[in-house]
Amino acid sequence: MNASVRRVAAGIADAVIEGSSMAVTLLGGILGTYVSYSYSPDSWPIDHRLAIAGAVAVISAVSLYSLTELILAPLRGLTVKTCTTTDHGPRPPPPPLTP
Numbered sequence: 002m003n004a005s006v007r008r009v010a011a012g013i014a015d016a017v018i019e020g021s022s023m024a025v026t027l028l029g030g031i032l033g034t035y036v037s038y039s040y041s042p043d044s045w046p047i048d049h050r051l052a053i054a055g056a057v058a059v060i061s062a063v064s065l066y067s068l069t070e071l072i073l074a075p076l077r078g079l080t081v082k083t084c085t086t087t088d089h090g091p092r093p094p095p096p097p098l099t100p
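In terms of our numbering, the sequence shown is residues 2 to 100.
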């Protein structure tokens, strides 16, 4: 029972970590789009403004994703360790050496 509760908790923690990573990436894209479109000159054609906004959105999303991975990587390592650690009891003795 204890191992199954641990696996469920690790699964929930992994889902929360992945969800927060995706949310931060989406937030980076939204902020990049808003800032780059707002501060581009009005005299530029709308096509150029939108292209620059898209490029800045991708760059900001990737950079924020990279920054959050620095924080989330140790947490992700903890959930993987928890999921794969099982107790199978004592190990059998090694076979005897034959000459």
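Each residue gets a CB set at the ideal place from its N, CA and C atoms; glycine is no exception.
Contact between the stretch 66-81 and the stretch 31-49 is absent, with fewer than three C-beta pairs closer than 8 angstroms.
Rounded to the nearest angstrom, the Cβ distance from residue 36 to residue 69 is 19 angstroms, too far for a contact under 8 angstroms.
DSSP places residue 44 outside any alpha helix (DSSP H), giving it a letter other than H or E. Look at residue 99 here: in three-state DSSP terms it is coil, with no helix or strand label. Under a 10 Å Cβ-count criterion, residue 65 is classified as buried, with 16 or more other Cβ atoms of the shown protein chains found around its own Cβ. If you draw a straight line from the Cα of residue 95 to the Cα of residue 16, it comes to about 40 angstroms.
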